[in-house]
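Undergrad: Dumping the structure here so I can ask a few things about it.
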Amino acid sequence: MSSEQKSVSGTVGTTDPAEPAGPRPRRLTYAAALCGLEALALLAGGLWMLVLGITGDGDDRQQAVTGGITVLVLALLPLLAARGLLLRRGWSRGPAVITQIMALPVAYNLLKADGMAVPAGIALAAVAITSLVLLVNPATTLALGIKGPGRTQESESDPRRR
Numbered sequence: 030m031s032s033e034q035k036s037v038s039g040t041v042g043t044t045d046p047a048e049p050a051g052p053r054p055r056r057l058t059y060a061a062a063l064c065g066l067e068a069l070a071l072l073a074g075g076l077w078m079l080v081l082g083i084t085g086d087g088d089d090r091q092q093a094v095t096g097g098i099t100v101l102v103l104a105l106l107p108l109l110a111a112r113g114l115l116l117r118r119g120w121s122r123g124p125a126v127i128t129q130i131m132a133l134p135v136a137y138n139l140l141k142a143d144g145m146a147v148p149a150g151i152a153l154a155a156v157a158i159t160s161l162v163l164l165v166n167p168a169t170t171l172a173l174g175i176k177g178p179g180r181t182q183e184s185e186s187d188p189r190r191r
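Positions in the sequence shown are counted from 1; adding 29 to them yields our numbering.
This is the structure we're talking about:
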């Protein structure tokens, strides 16, 4: 490449302006880890349902296979959210929050059940509530580059808007 082409295409080592500056806050890393943990749990549950459906009796085979595939597909939501949170993408907070909100009724139903479902419900509720707290934290919001409603760069610099 000639020096003229380099000057036109930009300098080497520039950062993406959309990339937030500074290190990733621990809260964001912890939220991403919890989303990833939920994704792994959903993947394991979906595979377990799928294997039981394939190897089970013929009466409920189709229902178990369909349920397993559905859970496997649903595992993509927290998995993509975890990846986006680790990469500090603003869009990733929405799927992460939705995942936690969907987990709360599941945790409630597990808590009302008997046996081993109760500890699973406690764990799920703890993970969902902790994740929600981490995701709505102002440091996480700032690290993801999310601005409040009606806030633009111009309005943030205007002292009358504060």
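Virtual Cβ for every residue (Gly too), placed ideally from N, Cα, C.
Taking Arg117 as the reference, which of Tyr59, Gly174 and Pro178 has the closest Cα?
TA: Among Tyr59, Gly174 and Pro178, the Cα nearest to that of Arg117 belongs to Gly174.
Undergrad: Please report the straight-line C-alpha distance between Leu108 and Thr95, rounded to a whole angstrom.
TA: The straight-line gap from Cα to Cα measures roughly 20 Å.
Undergrad: What does the alpha-carbon distance come out to for the pair Leu161 and Thr84?
TA: Distance between the alpha carbons of Leu161 and Thr84: 38 Å.
Undergrad: Drop a sphere of 10 angstroms on the beta-carbon of Thr169, count the other beta-carbons inside from all chains shown, and report buried for 16 or more, exposed for fewer.
TA: So Thr169 counts as buried.
Undergrad: Would you decide whether Thr40 is buried or exposed? Buried here means 16 or more other CB atoms lie within 10 Å of its CB.
TA: Low local confidence applies: a pLDDT of 44 at Thr40 is under 50, so the model's placement there is unreliable, with the coordinate-based value given in what follows. Answer is exposed; the Cβ neighbour count stays below 16.
Undergrad: Do Leu81 and Val100 have their CB atoms nearer than 8 Å?
TA: No, Cβ-Cβ distance for Leu81 and Val100 is not below 8 Å.
Undergrad: Measuring only the C-alpha atoms, how far is Ala110 from Gly144?
TA: Rounded to the nearest angstrom, the two C-alpha atoms are 31 Å apart.
Undergrad: Starting from the Cα of Pro134, find the closest Cα among Asp89, Trp120 and Val156 and give me that residue.
TA: Per the Cα distances, Val156.
Undergrad: Start and end of the alpha helix (DSSP H) containing Ser160?
TA: Residues Ala146 to Val165.
Undergrad: Short check: CB of Ala93 to CB of Met78, under 8 Å?
TA: Contact flag set, yes.
Undergrad: Would you grab the beta carbon distance between Leu139 and Val147 for me? Rounded to a whole angstrom, and I think it's under 8 Å.
TA: That pair is a contact at about 7 Å.
Undergrad: Can you tell me whether Ala259 is helix, strand or coil according to DSSP?
TA: The chain is shown only over 30 to 191; residue 259 falls outside these bounds and no answer can be derived.
Undergrad: Give the DSSP-derived three-state secondary structure of Pro107 in the structure shown.
TA: Helix, per DSSP.
Undergrad: What's the gap between the Cα of Lys141 and the Cα of Pro54?
TA: In a straight line, the C-alpha of Lys141 is about 36 Å away from that of Pro54.
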